[in-house]
Amino acid sequence: MEKAVKPILYGDEASPPVRFAMMTASLANIDIEFKKIDLFKGENRTEFYKKINPFQKVPSLSVNGQNICDSHAIALYFCRKSNNQDLYPDDIILRAKIDEWLYFDAGILFPIDSAIFSDLFAGKWPANEVLINKWYSALDHCELLLAKQKWLTGDKIRLCDICCGTTISSLEILVPLLDRHERLKDWMKELKNLPCFEINTQGLKRLQGFVDAMKPVIHK
Numbered sequence: 256m257e258k259a260v261k262p263i264l265y266g267d268e269a270s271p272p273v274r275f276a277m278m279t280a281s282l283a284n285i286d287i288e289f290k291k292i293d294l295f296k297g298e299n300r301t302e303f304y305k306k307i308n309p310f311q312k313v314p315s316l317s318v319n320g321q322n323i324c325d326s327h328a329i330a331l332y333f334c335r336k337s338n339n340q341d342l343y344p345d346d347i348i349l350r351a352k353i354d355e356w357l358y359f360d361a362g363i364l365f366p367i368d369s370a371i372f373s374d375l376f377a378g379k380w381p382a383n384e385v386l387i388n389k390w391y392s393a394l395d396h397c398e399l400l401l402a403k404q405k406w407l408t409g410d411k412i413r414l415c416d417i418c419c420g421t422t423i424s425s426l427e428i429l430v431p432l433l434d435r436h437e438r439l440k441d442w443m444k445e446l447k448n449l450p451c452f453e454i455n456t457q458g459l460k461r462l463q464g465f466v467d468a469m470k471p472v473i474h475k
């Protein structure tokens with residue numbers, strides 16, 4: 256019998272979407288091969304990687320010659336492949352609620368995170384005040400919901416908690432949570448206690464290293 260080929264996940268652990276995909280694979284017990292695409296060396300812009308992901312973004316997942324080029328789509332693929340009922344249950348209403356938060360990350364949280372970090376690494380600091388205000392407005396939305404329940408969709412952790420928590424933990428390096436985000440802080444503590452979140456912690460250390468290298472820009 257021919258040995259099954261592992262899906263190949265391309266990415267850089269400094270990226271929140273990459274960490275989200277890696278943690279989902281871990282929680283769904285999907286065995287993957289990880290191939291580093293060093294963003295800080297521009298490896299995402301090589302001809303090799305352009306053939307995998309024309310958008311030159313990470314992560315990308317190669318499965319039997321097919322490429323999936325979005326972290327949310329990759330995470331959902333892992334959940335469906337494993338039929339993980341904890342992360343992504345069959346209940347269509349609950350799935351819709353989970354999807355709603357995945358879109359919230361894709362459309363609001365991560366674009367702000369990406370814009371602020373891109374400005375920093377381009378030497379533009381302090382961060383754009385409009386972006387900061389949008390970020391805190393998004394966090395206020397999370398806080399309002401988490402005041403009523405333990406997790407984003409109810410009393411159990413779901414895929415969307417991993418997703419949004421990963422993005423929020425990244426921008427926390429530059430834009431700390433405020434005193435008014437008390438429930439959000441508790442939610443983040445719960446996430447950080449998960450064994451799979453060690454993947455996130457290691458990625459944050461890598462990201463922090465590059466942020467530290469920009470301290471002359473931050474403190475000028």
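For any residue, its number in the numbering used here is found by taking its place in the sequence shown, counting from 1, and adding 255. We put the CB at the ideal spot given by N, CA and C, even for glycine.
(request) Run the CB neighbour count on residue 261, radius 10 Å, all protein chains shown included, and call it buried at 16 or more, exposed below. (result) Taking every protein chain shown into account, the CB of residue 261 has fewer than 16 other CB atoms within 10 angstroms, so this residue is exposed.
(request) Could you have a look at residue 406 and say whether DSSP puts it in helix, strand or coil? (result) strand
(message) Relative to the C-alpha of residue 331, which candidate in 310, 311, 357 and 307 has its C-alpha closest?
(response) 357
(request) Using a threshold of 8 Å, state whether the C-beta atoms of residue 457 and residue 428 are closer than that. (result) When the beta-carbon positions are compared, residue 457 and residue 428 stay at least 8 Å from each other.
(request) Please list, in chain order, all residues of the same chain as residue 281 whose beta carbon is under 6 Å from its beta carbon, the five residues on each side excluded. (result) 451
(message) Please report the distance separating the alpha-carbon of residue 433 from that of residue 410.
(response) Approximately 24 Å, taken between the alpha carbons.
(message) Can you confirm whether the region 408-423 touches the region 380-388 when touching is taken to mean that 3 or more C-beta pairs between the two stretches lie within less than 8 Å?
(response) no
(message) Per DSSP, what are the beta-bridge partners of residue 291 in this structure?
(response) Partner(s): 266.
(request) Count the other CB atoms, across all protein chains shown, that sit within 10 Å of the CB of residue 362; report buried if there are 16 or more and exposed otherwise. (result) That one is exposed.
(message) Within the continuous beta strand (DSSP E) that includes residue 342, where are the two ends?
(response) For residue 342, there is no enclosing beta strand (DSSP E), as DSSP gives it neither H nor E.
(message) Tell me whether the region 337-349 and the region 391-400 touch, counting them as touching only if at least three CB pairs, one residue from each stretch, are closer than 8 Å.
(response) no
(message) Per DSSP, what are the beta-bridge partners of residue 317 in this structure?
(response) 263 and 322
(request) Report all residues from its chain with a CB closer than 7 Å to the CB of residue 305; omit the five preceding and five following residues, and keep chain order. (result) 311
(message) Looking at residue 425: is its Cβ nearer than 8 Å to the Cβ of residue 459?
(response) yes
(request) Leaving out five residues on either side along the sequence, give the residues of the same chain with a beta carbon under 6 Å from the beta carbon of residue 277. (result) 454
(message) Measuring only the C-alpha atoms, how far is residue 370 from residue 287?
(response) Put simply, the backbone Cα of residue 370 is about 30 Å away from that of residue 287.
(request) Whole angstroms is fine: what's the gap from residue 265's alpha carbon to residue 283's? (result) 18 Å
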